[in-house]
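Asks: Residues in the sequence shown are numbered consecutively from 6, following the numbering used here.
Right, I'll just put the structure down here and ask away after.
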Amino acid sequence: MEPMAVMRGVSRSFRGQLAVDAVDLSLYPGEIVALLGPNGAGKSTLLDMLLGLRDPQAGSVRVFGMPPTVRRARGRMGAMLQDTTGPPGLTVAETVRLTQHLYPRPAPVSELLDIAGLSDKADRRVGELSGGERQRLSLALALTGSPELLVLDEPTAALDVAGRRGLLRSIRELAVDDRAIVLATHDLREAQEIADRVVVLHHGRKIADGDTAEVVGQVGVRRVHLRTDLDVLRIANHPGVQSVSITPDGRVELLARDPEGLLAGLFADGHHVTDLTVADADLESAFVALTEDGAAA
Ligand SMILES: Nc1ncnc2c1ncn2[C@@H]1O[C@H](COP(=O)(O)OP(=O)(O)OP(=O)(O)O)[C@@H](O)[C@H]1O
């Protein structure tokens, strides 16, 4: 399958500090890609370069085979960036109509408001919308040109639980065969729930890229539950043990890179181990393991 967008060795620095460091990223039709990384990891800078809003200082970006700054490429992309809803005095419908002028074949206003769940707010002034409604308007604007490549920068930031659920449902419905969606997020549950693929950035470098199971597998962390007579602090000091906590039912829960080694050590020292389960870790544990300082070095 041909990628819709290809970034090769893309770098960008600010005041001599690399914000994005030689990143390769291809986006394919039909996939939802979650871009993860701690604050300052370079997610927004990478998305800006994908959209042609910022030039890379090294490497290349091609969208539909063209530089992203070319009008024909731009017309096939849509972006929901932070705070992109326009003048507060216009109504929701007026704002969408204004955006329609930017595209040769814009989607109808009613359809856009329907997808964004704003049909009953068409005549509301933008300045009077709640934060969640503004975010929905921003999604409607991103969809005006029926984009094949949709870029969402923290689309659910600051939404309440219901707002987040609703917006995620809308985004999932937008994932069709001939569209690629890339979304930057801090919400790992959201990424695990919605994305086909996760890409993790850390200090500007891409340190993981694959489906959730692959990324979790790459880290090799497993979640272990057990009961033992050994002191929790002593378990925490065992090599490969990443975190230790006590569950409400009194079991020890730990994340470990080498659970077999840990258990062998406990048995060899004559400790009791009961109620043992070992399971794959989730994306959150993998993310913590990947982005611990030193992990990416
Ligand atoms: N316009 C700018 N001028 C100077 N430094 C910048 C600028 N934009 C970004 N940076 C720096 O580049 C690095 C990457 O920032 P970026 O906003 O891309 O990260 P991010 O992963 O999107 O972060 P967050 O999750 O906090 O939004 C940070 O160190 C940031 O301070």
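All residues carry an ideal CB built from backbone N, CA and C; glycine is no exception.
For clarity, every value in this text was computed on a predicted model and none was experimentally measured.
Quick one: complete beta strand (DSSP E) runs, 3+ long, within the segment 200 to 229?
Replies: 202 to 207, 210 to 215
Asks: Just curious, the alpha helix (DSSP H) that ARG174 is in, first and last residue?
Replies: The count along the sequence shown starts at 1 and reaches residue 174 at position 169. That run of the alpha helix (DSSP H) goes 166 to 179.
Asks: Would you check if the segment 109 to 125 and the segment 157 to 167 touch, i.e. whether three or more CB-CB distances between them fall below 8 Å?
Replies: no
Asks: I need the straight-line Cα distance from VAL237 to LEU30, nearest angstrom please.
Replies: Position 232 of the sequence shown holds residue 237. Position 25 of the sequence shown holds residue 30. Approximately 42 Å between the Cα atoms of the pair.
Asks: Tell me which residues share the same chain as PHE292 and place their Cβ nearer than 7 Å to its Cβ, disregarding the 5 neighbours each side in the sequence.
Replies: Reading the sequence shown from its first residue, position 287 is the one you call residue 292. Counting only Cβ-Cβ distances below 7 Å, and skipping sequence neighbours, we find LEU41, LEU193, VAL205.
Asks: Under the criterion of a Cβ to heavy atom distance below 7 Å, does LYS126 qualify as lining ligand 1?
Replies: As a working note, residue 126 is residue 121 in the sequence shown. No.
Asks: What three-state label does DSSP hand GLU7 in the structure shown?
Replies: Locating residue 7 in the sequence shown gives position 2, counting from the first residue. DSSP places GLU7 in coil when its eight states are reduced to three.
Asks: Quick check on the DSSP output: the alpha helix (DSSP H) that includes ARG79 runs from which residue to which?
Replies: For the purposes of this step, residue 79 is taken as residue 74 along the sequence shown, with counting starting at 1. Segment 76 to 79, the alpha helix (DSSP H) holding ARG79.
Asks: How many Å lie between ARG17 and ALA63 at the Cα?
Replies: Within the sequence shown, residue 17 is the residue found at index 12, counting from 1. Within the sequence shown, residue 63 is the residue found at index 58, counting from 1. Taking the straight line from one Cα to the other gives about 7 Å.
Asks: Return the CA-CA distance between VAL11 and VAL68, expressed in angstroms with no decimal places.
Replies: Against the sequence shown, residue 11 aligns to sequence position 6. Against the sequence shown, residue 68 aligns to sequence position 63. Answer to the nearest angstrom: the Cα atoms are 6 Å apart.
Asks: Quick one: what's got a C-beta closer than 6 Å to THR296's C-beta in the same chain, skipping five residues either side?
Replies: Within the sequence shown, residue 296 is the residue found at index 291, counting from 1. The answer, listed in chain order, is PRO43, HIS207.
Asks: GLY299: buried (16+ other C-beta within 10 angstroms of its C-beta) or exposed?
Replies: Position 294 of the sequence shown, counted from the first residue, corresponds to residue 299. Low local confidence applies: a pLDDT of 47 at GLY299 is under 50, so the model's placement there is unreliable, with the coordinate-based value given in what follows. With fewer than 16 Cβ atoms within 10 Å of its Cβ, GLY299 is classed as exposed.
Asks: Is the segment 207 to 219 touching the segment 234 to 248, taking contact as three or more C-beta pairs under 8 Å?
Replies: no
Asks: Take the Cβ of VAL181 as the centre, count every other Cβ of all protein chains shown within 10 Å, and call the residue buried at 16 or more, exposed below.
Replies: Counted from its first residue, the sequence shown places residue 181 at position 176. That one is exposed.
Asks: Is the closest heavy atom of ligand 1 to the C-beta of ALA27 under 7 Å?
Replies: Locating residue 27 in the sequence shown gives position 22, where the first residue counts as 1. Result no, Cβ not under 7 Å from ligand 1.
Asks: Less than 6 Å between C-beta atoms, sequence neighbours within five positions excluded: which residues of the same chain meet that for GLY57?
Replies: As a position in the sequence shown, residue 57 is number 52, starting the count at 1. The answer, listed in chain order, is PRO73, THR74.
Asks: Starting from the C-beta of TYR33, find all residues in its chain whose C-beta is less than 7 Å away, skip the five residues before and the five after it, and write them out in chain order.
Replies: Looking up residue 33 in the sequence shown gives position 28. Cβ neighbours of TYR33 beyond the five flanking positions: MET6, PRO8, MET9, ALA185.
Asks: Expressed to the nearest angstrom, what Euclidean distance is found between the alpha-carbon atoms of ALA27 and ARG13?
Replies: On the sequence shown, residue 27 is found 22 positions in, with the first residue counted as 1. On the sequence shown, residue 13 is found 8 positions in, with the first residue counted as 1. If I take the Cα positions, the gap works out to 7 Å.
Asks: Starting from PRO294, trace the alpha helix (DSSP H) both ways and give me its first and last residue.
Replies: The residue labelled residue 294 in the question sits at position 289 within the sequence shown. Rather than Pro, the amino acid found at residue 294 in this sequence is Ala. First-last of the alpha helix (DSSP H) with ALA294: 288 to 296.
Asks: If you pair each beta-carbon of the segment 168 to 183 with each one of the segment 95 to 108, do three or more pairs fall below 8 Å?
Replies: No: the two stretches stay apart, fewer than three of their Cβ pairs being nearer than 8 Å.
Asks: Please determine whether the Cβ atom of SER16 lies at a distance below 7 Å from any heavy atom of ligand 1.
Replies: Stepping through the sequence shown from its first residue, residue 16 is reached at position 11. SER16: no, Cβ never under 7 Å from ligand 1.
Asks: Across which residues does DSSP place VAL38 in a beta bridge pair?
Replies: Indexing the sequence shown from 1 puts residue 38 at position 33. Bridge partners of VAL38: VAL187, ARG202.
Asks: Given the structure, does ARG184 come close to ligand 1, in the sense that its CB is under 7 Å from one of the ligand's heavy atoms?
Replies: To locate residue 184, count along the sequence shown from 1; it is residue 179. No, ligand 1 has no heavy atom inside 7 Å of this Cβ.
Asks: Please determine whether the Cβ atom of SER349 lies at a distance below 7 Å from any heavy atom of ligand 1.
Replies: This structure does not reach residue 349, given that the chain is present from 6 up to 302, and the question cannot be answered.
Asks: Nearest by alpha-carbon distance to GLU153: which of ALA46, ARG81, LYS48 is it?
Replies: The sequence position of residue 153 within the sequence shown is 148, counting from 1. Nearest of ALA46, ARG81, LYS48 to GLU153, Cα basis: ARG81.
Asks: So what does PHE19 bridge to, in DSSP terms?
Replies: Position 14 of the sequence shown, counting from 1, holds the residue named residue 19. GLN22.
Asks: Between VAL203 and VAL226, is the Cβ-Cβ spacing less than 8 Å?
Replies: Position 198 of the sequence shown, counted from the first residue, corresponds to residue 203. Position 221 of the sequence shown, counted from the first residue, corresponds to residue 226. Cβ atoms of VAL203 and VAL226: not closer than 8 Å.
Asks: Please go through the segment 110 to 170 and give each complete beta strand (DSSP E) segment of 3 or more residues, from N-terminal end onward.
Replies: 154 to 158
Asks: Work out the CA separation of THR96 and GLY122 for me, nearest whole Å.
Replies: To locate residue 122, count along the sequence shown from 1; it is residue 117. To locate residue 96, count along the sequence shown from 1; it is residue 91. If you take the alpha carbons of GLY122 and THR96, they lie about 15 Å apart.
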